[in-house]
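Taken in sequence, the protein lines are chains A and B. The first sequence runs 162 to 460 under our numbering. The second sequence runs 162 to 460 under our numbering. All remarks here apply to the structure that follows.
There are 2 protein chains.
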Amino acid sequence: MNGIELGPALLALSTRADAALARALPEATQAPTELHRAMRYAVLGGGKRLRPLLVHATGATFGAAPERLDAAAVAVEIIHAYSLVHDDLPAMDDDALRRGRPTCHIVFGEAMAILAGDALQALAFDMLANDPALREDPATLLDMLRTLAAACGSHGMAGGQALDLAAVGQRLSAAELERMHTYKTGALIRASVRLGALAAGCRAPATLDALETYGHAIGLAFQIRDDLLDIQAGTAQLGKTAGKDAAANKPTYPAILGVDASRAELAALIRTALAAIAPLGDAAALLQELARFVAERPS
Amino acid sequence: MNGIELGPALLALSTRADAALARALPEATQAPTELHRAMRYAVLGGGKRLRPLLVHATGATFGAAPERLDAAAVAVEIIHAYSLVHDDLPAMDDDALRRGRPTCHIVFGEAMAILAGDALQALAFDMLANDPALREDPATLLDMLRTLAAACGSHGMAGGQALDLAAVGQRLSAAELERMHTYKTGALIRASVRLGALAAGCRAPATLDALETYGHAIGLAFQIRDDLLDIQAGTAQLGKTAGKDAAANKPTYPAILGVDASRAELAALIRTALAAIAPLGDAAALLQELARFVAERPS
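In structure tokens form, the structure reads like this:
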């Protein structure tokens, strides 16, 4: 499956996010060393850094300096990484391969993987609460912490995981599948966009609503692309076990809508996302690029 | 093993904390229902509510109204409950009994127990960040969120769990054992005291240091009492599997120091705790009572 890669501006921001993550995580030489090794392994193993890019692209739309966005970018990626560690556990998806490497519990054991995920979640709140760039603006920082906490909880990502668990082996409708993904991956993606806007000082309700629409649409689009890649690509290309969803009897867009209708839905979502941010004009160029990337990413 | 019970003022605050927790947790009728059922089961199953009591007792020492302390009290207990759910998992301590009832994963399955713990951690930050009583004081609330996040992370509770994992089957020195407990249970206990002080507007460094000493001492005292109860009480009395630590080859104070020296150390820690708060006089009566309770609690 072909696809497009990130352009130079987003690629530079992705590198920036990698560097910020490496600084944010405790050194593996610090005690407890094994826990810190597991945390670094889980976060620093590559990945597209989509969520940090959404923070930066949204913040840049409103003119925020990248320094003002680093902590939020780090926080959302750390949350994402923790969710993957727990998701891959034997009691959950039981996956041995992630981003082309053995999963965290394969390398460090189940107990340490559980703890690494737990400590990462705390670290995300810690990093954001201690953001040096926003120290003088506690009200904004509090709003951002509320956004992050809501996105992680039982009405957000963790709730979506619970819906996902309940869906295994079930025949879901397209609406039920959408609801599950709206929580499971959508909540954190929408939060990433909102965090970028809040850090940049954007408080206009109409603009925040438009960004919510954008985030919702690309969150679902991301998942459809994921499902399409899962059935069409090989394991080496994906860096995770291909065909896993179907084998695990997990509901997917291609299984429920068919491949052609899934592609059409993906295209419609990207149009919705682009229309939502159209009023922001060229300032939102990076958000436009990210929407197209989500639709056509190669892996 | 005999012991003392809570006096009427602390008992009333314990009941208050129970009510606040029941309100804070999403209703089990709200979707995702199974996740919310598991979260409520994990938190509302009784327990001593030591951490909420520490928040309230410290806040009361500085004259704060209980309403100003409810959110922090809820947050620390939710964090404690999540840590127990993950600690009891098969990959961790593999315990089937807690507070006289089957553990969360026995009732809801491992995957749901992992998710319930994850969602509870997020909920604790959510509750604190949205504390209605401190909304007008974002700087204090931010300080409190920083305190909570640090207590939960790899340099706090999760770090202590990792040290605990590494200690199984090892011969620890008394100093290593103390270090492990200083993180594992101590970090959240110290944070509970500090949160009560911060919510009450106490910022005097000397007072916060004295409270840190108090929290550190009763945290360790709590653990020694736990270890003594574990070898001396029966399962029915404890509400969790008795003799479990020794069977699991876990290092304990009685195993390392002997029973008599453990009792002496416990008494010394309580003296240290009481001496630290002596300058606060009668205003700290509830903290004094809690120190004695920790030393002599019956289960």
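Using N, Cα and C, we set each Cβ at its ideal position, and we do this for glycine too. Quantities reported herein were computed from a predicted structural model and do not represent experimental measurements.
Starting from the beta carbon of residue i, find every residue of chain A whose beta carbon is closer than 7 Å, and list them in chain order.
| i | result |
| --- | --- |
| B:A173 | Chain A residues near B:A173: none, gap ~30 Å exceeds 7 Å. |
| B:P299 | P299, A300, L303 |
| B:A272 | A252, M253, L326 |
| B:N410 | By Cβ distance, chain A contributes nothing, its closest Cβ being about 15 Å from B:N410, past 7 Å. |
I need the straight-line Cα distance from residue i to residue j, nearest angstrom please.
| i | j | result |
| --- | --- | --- |
| A:R355 | A:A367 | 13 Å |
| A:L427 | A:I385 | 6 Å |
| B:M305 | A:I392 | 47 Å |
| B:L172 | B:R210 | 10 Å |
| B:F383 | B:V235 | 20 Å |
| B:D387 | A:A323 | 34 Å |
| B:A285 | B:R177 | 17 Å |
| B:E373 | A:R198 | 29 Å |
| A:A225 | A:I431 | 25 Å |
| B:A192 | B:A437 | 47 Å |
| B:A348 | A:Q331 | 43 Å |
| A:L276 | A:L369 | 35 Å |
| B:Y202 | B:C265 | 7 Å |
| B:V268 | B:M200 | 12 Å |
| B:L174 | B:G357 | 13 Å |
| A:A452 | A:L167 | 11 Å |
| B:S315 | A:L196 | 7 Å |
| A:G164 | A:R458 | 5 Å |
| A:F454 | A:A312 | 23 Å |
| A:H247 | B:A233 | 27 Å |
| A:A439 | A:A218 | 14 Å |
| B:I417 | A:V237 | 43 Å |
| A:C363 | A:T433 | 21 Å |
| B:M162 | B:R184 | Here B:M162 scores only 49 on pLDDT, less than 50, and its place in the model should not be relied on; the value that follows carries that caveat. Taking the straight line from one Cα to the other gives about 35 Å. |
Which two residues bound the contiguous alpha helix (DSSP H) that contains residue i?
| i | result |
| --- | --- |
| B:L250 | No alpha helix (DSSP H) contains B:L250, which DSSP labels as neither H nor E. |
| A:T194 | 194-204 |
| B:A437 | 420-438 |
| A:I165 | First-last for A:I165: undefined, no H or E at that position. |
| B:Q282 | 271-290 |
| B:D370 | 366-393 |
| A:F454 | 446-457 |
| B:G207 | Careful: B:G207 lies outside any alpha helix (DSSP H) and carries neither H nor E. |
| B:L215 | 211-222 |
I want to see whether chain A comes within less than 7 Å of residue i, judged by CB atoms only; does it?
| i | result |
| --- | --- |
| B:M305 | no |
| B:L295 | no |
| B:C313 | yes |
| B:G362 | no |
| B:D391 | no |
| B:G330 | no |
| B:A319 | yes |
| B:A280 | yes |
Can you find a CB in chain B that lies within less than 7 Å of the CB of residue i?
| i | result |
| --- | --- |
| A:M162 | Because A:M162 sits at a pLDDT of 49, beneath the cut-off of 50, its placement in the model cannot be relied upon, and the following sentence gives the value as read from the coordinates. Cβ-Cβ to chain B under 7 Å: no for A:M162. |
| A:P415 | no |
| A:E457 | no |
| A:A226 | no |
| A:T231 | The sequence shown places Asp at residue 231 of chain A, rather than the Thr named in the question. False, the Cβ-Cβ gap to chain B never drops below 7 Å. |
| A:D287 | yes |
| A:A181 | no |
| A:A236 | no |
Determine the chain B residues that contact residue i at a beta-carbon separation under 8 Å, and present them in chain order.
| i | result |
| --- | --- |
| A:I275 | H247, L250, A252, M253, I275 |
| A:P187 | S315, H316 |
Cβ closer than 9 Å: which chain A residues qualify as neighbours of residue i?
| i | result |
| --- | --- |
| B:E195 | A323, L326, A327 |
| B:G442 | Within chain A, no residue comes near B:G442; the closest Cβ sits about 33 Å away, beyond 9 Å. |
| B:D370 | Per Cβ cutoff of 9 Å: no residues; B:D370 is ~21 Å from chain A at best. |
Could you list which residues in chain A have their beta carbon closer than 8 Å to that of residue i, in chain order?
| i | result |
| --- | --- |
| B:G206 | By Cβ distance, chain A contributes nothing, its closest Cβ being about 18 Å from B:G206, past 8 Å. |
| B:L284 | A310, G314, S315 |
| B:A290 | L303, L306, R307, A310 |
Please list the partners that residue i has in chain B, where partner means a Cβ-to-Cβ separation under 7 Å.
| i | result |
| --- | --- |
| A:D256 | Here the premise fails: no neighbours, minimum Cβ distance about 13 Å. |
| A:G380 | Simply none; closest approach about 18 Å. |
| A:G347 | Chain B residues near A:G347: none, gap ~15 Å exceeds 7 Å. |
Between residue i and the ligand GDP, is there a pair consisting of the residue's CB and a ligand heavy atom that are separated by less than 6 Å?
| i | result |
| --- | --- |
| B:K411 | The model on display carries no ligand, and the ligand GDP is accordingly not part of it. |
Original post:
Going along the chain, which unbroken runs of the alpha helix (DSSP H) with 4 or more residues stay wholly within the region 320-361 of chain B?
Top reply: Complete alpha helix (DSSP H) runs here, min 4: 335-345, 347-360.
Subject >> 4 or more residues per run - each alpha helix (DSSP H) lying fully within the region 290-321 of chain B >> reply: 299-313
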